[in-house]
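>
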Amino acid sequence: MEFDKNLLGKEEENESNLDFKEQIEKYLRYWKWFALALLITFIYTFFSLNFTRSSYTAESTVKIKDEKNGERSTLSAFQDLGIMPNAKDNIEDEIEILKSKYLISESIKDLGLNIAQYTDKNGISFFLDHNLGFSTEFYEKENYEHPPLKLNFFMPDSAVYNLSTQFLIQINSPTQFVYEDIETGVTKTNDFGKKMTTNFGELIILPNIDLKKNDLIGKKVMVSLSPVSDMALNYQEDLTIEPKAEFSSVLSLSVTSSQRRKAADFLNALVENYNERAINMKRELSESTSNFVTERLQIISDELSQADEQAEDVKSKFGASDFASSAGINYQAGREIEKQITQTGTQLQQIRAVKNLINSQSNEVIPNIGIPDAGVSSNVEKLNELILEKMSRLEAGATEKNPIIVNLQEQISTLQNTVRQGLNSVENSQKIALDNYNNQYNIATSRIYGASTQERQIRDVTRQQQIKEQLFLYLLQKREETAITLGVADPNAIIIDKAETLPKPAGPNKKIAYLVAILVGLIIPFAIIYVKDLLDSKIHTREDVEKVVNIPIIGDIPKLETGTRYSLNKGDYSAIAEAFRILRTNLSFILPKTKDNRGKVIFVTSTVAHEGKSLVSSNLATALAHANKKTIILGMDIRAPKLEPYLGDRGKLGLTNYIINSDYEPKDIIVSSKKTENLDIVSSGDIA
Numbered sequence: 001m002e003f004d005k006n007l008l009g010k011e012e013e014n015e016s017n018l019d020f021k022e023q024i025e026k027y028l029r030y031w032k033w034f035a036l037a038l039l040i041t042f043i044y045t046f047f048s049l050n051f052t053r054s055s056y057t058a059e060s061t062v063k064i065k066d067e068k069n070g071e072r073s074t075l076s077a078f079q080d081l082g083i084m085p086n087a088k089d090n091i092e093d094e095i096e097i098l099k100s101k102y103l104i105s106e107s108i109k110d111l112g113l114n115i116a117q118y119t120d121k122n123g124i125s126f127f128l129d130h131n132l133g134f135s136t137e138f139y140e141k142e143n144y145e146h147p148p149l150k151l152n153f154f155m156p157d158s159a160v161y162n163l164s165t166q167f168l169i170q171i172n173s174p175t176q177f178v179y180e181d182i183e184t185g186v187t188k189t190n191d192f193g194k195k196m197t198t199n200f201g202e203l204i205i206l207p208n209i210d211l212k213k214n215d216l217i218g219k220k221v222m223v224s225l226s227p228v229s230d231m232a233l234n235y236q237e238d239l240t241i242e243p244k245a246e247f248s249s250v251l252s253l254s255v256t257s258s259q260r261r262k263a264a265d266f267l268n269a270l271v272e273n274y275n276e277r278a279i280n281m282k283r284e285l286s287e288s289t290s291n292f293v294t295e296r297l298q299i300i301s302d303e304l305s306q307a308d309e310q311a312e313d314v315k316s317k318f319g320a321s322d323f324a325s326s327a328g329i330n331y332q333a334g335r336e337i338e339k340q341i342t343q344t345g346t347q348l349q350q351i352r353a354v355k356n357l358i359n360s361q362s363n364e365v366i367p368n369i370g371i372p373d374a375g376v377s378s379n380v381e382k383l384n385e386l387i388l389e390k391m392s393r394l395e396a397g398a399t400e401k402n403p404i405i406v407n408l409q410e411q412i413s414t415l416q417n418t419v420r421q422g423l424n425s426v427e428n429s430q431k432i433a434l435d436n437y438n439n440q441y442n443i444a445t446s447r448i449y450g451a452s453t454q455e456r457q458i459r460d461v462t463r464q465q466q467i468k469e470q471l472f473l474y475l476l477q478k479r480e481e482t483a484i485t486l487g488v489a490d491p492n493a494i495i496i497d498k499a500e501t502l503p504k505p506a507g508p509n510k511k512i513a514y515l516v517a518i519l520v521g522l523i524i525p526f527a528i529i530y531v532k533d534l535l536d537s538k539i540h541t542r543e544d545v546e547k548v549v550n551i552p553i554i555g556d557i558p559k560l561e562t563g564t565r566y567s568l569n570k571g572d573y574s575a576i577a578e579a580f581r582i583l584r585t586n587l588s589f590i591l592p593k594t595k596d597n598r599g600k601v602i603f604v605t606s607t608v609a610h611e612g613k614s615l616v617s618s619n620l621a622t623a624l625a626h627a628n629k630k631t632i633i634l635g636m637d638i639r640a641p642k643l644e645p646y647l648g649d650r651g652k653l654g655l656t657n658y659i660i661n662s663d664y665e666p667k668d669i670i671v672s673s674k675k676t677e678n679l680d681i682v683s684s685g686d687i688a
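In terms of my numbering, the numbers along the sequence shown are unbroken and rise by one, the last being 688.
1) Got a sec, what are the start and stop residues for the beta strand (DSSP E) S224 sits in?
2) What residues are listed by DSSP as bridge partners for L206?
3) How many Å lie between L502 and A58 at the Cα?
4) Run through DSSP, which three-state label would N190 get?
5) Evaluate the contact criterion for the region 383–395 versus the region 332–346: three or more CB pairs, one atom per stretch, below 8 Å.
6) Please work out which residues of its chain come closer than 6 Å, Cβ to Cβ, to R542, disregarding the five sequence neighbours upstream and downstream, and give them in chain order.
7) Which of the three DSSP states is assigned to N122 in this structure?
8) Assuming V228 is part of the alpha helix (DSSP H), what are its boundary residues?
9) If you reduce the DSSP assignment to three classes, tell me which class S673 lands in.
10) Identify whether E59 lies in helix, strand or coil by the three-state DSSP scheme.
11) Shortest alpha-carbon distance to Y30 belongs to which of Y441, D533, I496 and D93?
12) Are the beta-carbon atoms of T61 and D497 separated by less than 8 Å?
13) Return the CA-CA distance between I602 and I670, expressed in angstroms with no decimal places.
14) Spell out the partners DSSP gives E142 in its beta bridges.
15) Give me the Cα-Cα distance between F589 and N550, rounded to the nearest whole angstrom.
16) Among T605, N268, L679 and P641, which has the Cα closest to the Cα of K629?
17) Across which residues does DSSP place I681 in a beta bridge pair?
18) Are the CB atoms of Q259 and E142 within a distance shorter than 8 Å?
19) Output the boundary residues of the alpha helix (DSSP H) element that contains T45.
20) CA-CA distance, P403 and E410?
21) Is Q350 near the ligand COA, in the sense that its beta carbon is under 7 Å from a heavy atom of that ligand?
22) Per DSSP, D181 forms a beta bridge with which residues?
23) Under a Cβ-count criterion, where at least 16 other Cβ atoms within 10 Å of its own Cβ denotes burial, should S684 be classed as buried or exposed?
24) Closest to N586 by CA distance: which of A623, A307, L151 and A493 is it?
25) Are there 16 or more other CB atoms within 10 angstroms of the CB of D265, so buried, or fewer, so exposed?
26) At which residue ranges does the region 561–612 contain complete alpha helix (DSSP H) runs of 4 or more residues, listed in the order of the chain?
27) Pick helix, strand or coil for F20, following the three-state DSSP scheme.
28) Check Q259 in the structure and name its three-state DSSP category.
29) Which value, in whole angstroms, describes the spacing of the CA atoms of V604 and I539?
30) Is the beta carbon of D181 less than 8 Å from the beta carbon of F167?
31) Consult DSSP for E400 and reduce its assignment to one of helix, strand or coil.
32) Which term fits S537, buried or exposed, when burial requires 16 or more other beta carbons within 10 angstroms of its beta carbon?
33) Nearest-angstrom Cα distance between L471 and M281?
34) Between the Cα of S672 and the Cα atoms of L149, I660 and A625, which residue gives the shortest distance?
35) Take E469 and list the residues in its own chain whose beta-carbon comes closer than 7 Å to its own, dropping the five residues that flank it on each side.
36) Residues in its own chain within less than 8 Å of N162 by CB, not counting five upstream and five downstream?
Here you go:
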């Protein structure tokens, strides 16, 4: 039993090896296909690499400042106002700002990247068909660092930034050139420095370098103008910004360009515009705070003047000695209550100031000036964050209809209502507290012997004077701090490494390109052969039969070329002749013996026409006859008989005649072969 298992395992292993070998041989038969496909892909890759411009990658490293580490100390003075966020800047938000279309567009405008000038490399130009929609000539070398021409447009910058056109300048001499519109093919001769009219507007073209010294006389320069918005999208896709590590505020910036210096210049301009935008936003915020503080100072100054005048009136009315005596007595009795009254009054003034600002300027930054309620103070901080985020996104190019801006505005409105309600609640509670303190103060002062109405009036005036004075000094201090901040607004990003272009080109990668060419050259013919084999339902070898059915195969007949016929002769020893003789021999072992030497019947058929029935049956009958066996072959195909071309003998009558007319005898339809002894033939007869 163990022997049988081992034998079965070896047979399965042998079958697996044979299948693998067959698959390899199947594909190796088409080696010319693989060679041709590899040749085509290599040629295509070679020309693609030669006509593809090299790209270069520039990298830069910056650090986004963190308030918690004291890197924004000049703005920390405003944290107690609640208008500067205490939390660390969201690095993901800063990355999105750096990648914003607005900053990228500003960088493109600053560098003039929307205008490119190309000169032909080594004087070689490639001419393409106008009807195909390509440029008439393609120029390999872009003159980014030293463009040969200077263009002065007589149109707004906004119009220039939206232009999409190309034209050629044929430099005839240091003073003259020929302008050619690529789209229309129209040409015109003009002098350098002279205004000319084009299909997109008027401009003046001037030499930017010494044309003769740079060997540009007689050559062409292609000028390409692209819309800034389209270029911004392209740079947005090529720009990569990632943190150096998780939760790190150090960012790595990289971008790819066809010019070494262009990539580095773009990154430097991007960081510069980012810092400039951050500085402008801080200054706007500081100016807004400064204006608010100045307005409040003016109001408090007027109120303080009124309080001073009231104090002078009371003192002059009751006399300084009476005031001093009353103040000394009442101060000792009610100093603690007065302190609470003063503090509560100051808070009420601050709350009312914030309420007035919310009611008058719904979308401005709200100073959180010492609001006693922590919940309201927290909501004011959240409101400031939403307002700043909205301002940031609007600066980055978003519109009022942007879904994010609409959502932010809804949050701002909701939070403003919440803050108003909170302020009203806090104001009411402070009023109640103030009334309570006043009642307590009145009780305390009433207990003092000799307290008079005049003394209470003096104390009220003095208290109001102190409240106004404290608030005035506080706002005066904040105004000075704001003025300092306006003068020293610092950037948001520290440049660690300025942008530098890597020495090796980023692409195209020749090794990978040729590797892809090899893979494609192998995959395409492999796929074609695989699909062809998958759709092939014909039997080509005996193995194809053995895989499907488990029946004995008695012979293999070589396939003839299409349109050829074969008839077996006695002296023929070709491969096909031997195949029919082997078939005859194998049949002798398979056909059962009959009693009383009756004849054996072999039925030859197939599923469809032209599969070799006539070829096999006629030559098998001939092979049997050559072995001295009396053989008769019956042509049963009454629709399209094919035996005559192989055997050459056909009687006047056949099988159909015998079946239709009972008067005929079998001998009437049997014809003996003239060229093969022992072979008789019964044709199909008249076609039914």
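All C-beta atoms in this analysis are idealised placements derived from N, C-alpha and C, irrespective of residue type, glycine included.
Since we're looking at a predicted model, the values are computed, not measured.
Checking against the coordinates, here is how it stands:
1) Position 224 of the sequence shown, counted from the start, is the residue given in the question as residue 224. Run containing S224: K220 to L225, per the beta strand (DSSP E) assignment.
2) For the purposes of this step, residue 206 is taken as the residue at position 206 of the sequence shown. Paired residues: K150.
3) In the sequence shown, counting from the first residue as 1, residue 502 sits at position 502. In the sequence shown, counting from the first residue as 1, residue 58 sits at position 58. Cα to Cα, L502 sits roughly 6 Å from A58.
4) On the sequence shown, residue 190 is found 190 positions in, with the first residue counted as 1. Strand at N190.
5) Contact between the region 383–395 and the region 332–346 is absent, because fewer than three Cβ pairs lie under 8 Å.
6) Residue 542 sits at position 542 when you count from the first residue of the sequence shown. If the five residues before and after R542 are omitted, its C-beta is found closer than 6 Å to the C-beta atoms of I553 and D556, all from its own chain and listed in chain order.
7) Your numbering for residue 122 matches position 122 in the sequence shown. Low local confidence applies: a pLDDT of 43 at N122 is under 50, so the model's placement there is unreliable, and no value is given.
8) Taking the sequence shown and counting its residues from 1, one reaches residue 228 at position 228. In this chain, the alpha helix (DSSP H) harbouring V228 covers V228 to D238.
9) Translated into positions along the sequence shown, residue 673 becomes position 673. It is coil, neither helix nor strand.
10) Counted from its first residue, the sequence shown places residue 59 at position 59. Strand.
11) For the purposes of this step, residue 30 is identified with residue 30 of the sequence shown, where counting begins at 1. Out of Y441, D533, I496 and D93, D533 has the C-alpha closest to the C-alpha of Y30.
12) Translated into positions along the sequence shown, residue 61 becomes position 61. Translated into positions along the sequence shown, residue 497 becomes position 497. It is a contact, given that the beta carbons lie within the stated cut-off.
13) Numbered from its first residue, the sequence shown carries residue 602 at position 602. Numbered from its first residue, the sequence shown carries residue 670 at position 670. Rounded to whole angstroms, the gap between the alpha carbons of I602 and I670 is 18 Å.
14) One-based indexing of the sequence shown puts residue 142 at position 142. According to DSSP, E142 bridges with Y118.
15) One-based indexing of the sequence shown puts residue 589 at position 589. One-based indexing of the sequence shown puts residue 550 at position 550. About 18 Å.
16) In the sequence shown, the residue the question calls residue 629 occupies position 629. Among T605, N268, L679 and P641, the Cα nearest to that of K629 is on L679.
17) Taking the first residue of the sequence shown as 1, we reach residue 681 at position 681. Answer by DSSP bridge pairing, in chain order: I633 and V671.
18) Position 142 of the sequence shown holds residue 142. Position 259 of the sequence shown holds residue 259. For the 8 Å CB-CB criterion, E142 and Q259 form a contact.
19) In the sequence shown, residue 45 corresponds to position 45, counting from 1. Per DSSP, the unbroken alpha helix (DSSP H) holding T45 starts and ends at W31 to F51.
20) Here the question's residue 403 lines up with position 403 in the sequence shown. Here the question's residue 410 lines up with position 410 in the sequence shown. Distance between the alpha carbons of P403 and E410: 11 Å.
21) This structure lacks the ligand COA; in fact it carries no ligand of any kind.
22) Here residue 181 refers to the residue found at position 181 when the sequence shown is read from its first residue. Answer by DSSP bridge pairing, in chain order: F167.
23) If you number the sequence shown from 1, residue 684 lands on position 684. When all chains shown are included, S684 counts as buried.
24) For the purposes of this step, residue 586 is taken as residue 586 along the sequence shown, with counting starting at 1. Of the listed residues, the one whose Cα sits closest to N586 is A623.
25) In the sequence shown, residue 265 corresponds to position 265, counting from 1. Flag for D265 reads buried.
26) Runs of the alpha helix (DSSP H) inside the region 561–612: 575–590.
27) Start at 1 with the first residue of the sequence shown, and residue 20 comes out as number 20. The DSSP-derived three-state label of F20 is helix.
28) The count along the sequence shown starts at 1 and reaches residue 259 at position 259. Note: Q259 maps to coil in three-state DSSP.
29) By 1-based counting over the sequence shown, the position of residue 604 is 604. By 1-based counting over the sequence shown, the position of residue 539 is 539. Answer to the nearest angstrom: the Cα atoms are 17 Å apart.
30) Numbered from 1 along the sequence shown, position 181 holds the residue referred to as residue 181. Numbered from 1 along the sequence shown, position 167 holds the residue referred to as residue 167. In contact: D181 and F167 (Cβ atoms closer than 8 Å).
31) Stepping through the sequence shown from its first residue, residue 400 is reached at position 400. E400 falls in the coil class under three-state DSSP.
32) As a first step, residue 537 must be located in the sequence shown, where it is residue number 537. By the 16-neighbour rule on beta-carbons within 10 angstroms, S537 is exposed.
33) Position 471 of the sequence shown, counting from 1, holds the residue named residue 471. Position 281 of the sequence shown, counting from 1, holds the residue named residue 281. About 28 Å.
34) As a working mapping, residue 672 is identified with position 672 in the sequence shown. Closest option to S672, Cα to Cα, is A625.
35) Against the sequence shown, residue 469 aligns to sequence position 469. Closer than 7 Å at the Cβ level, and outside the excluded window around E469, lie L304.
36) Along the sequence shown, read from residue 1 onward, the residue named residue 162 stands at position 162. If we look at N162 and ignore the five residues flanking it on each side, its Cβ neighbours are P227, V228 and S229.
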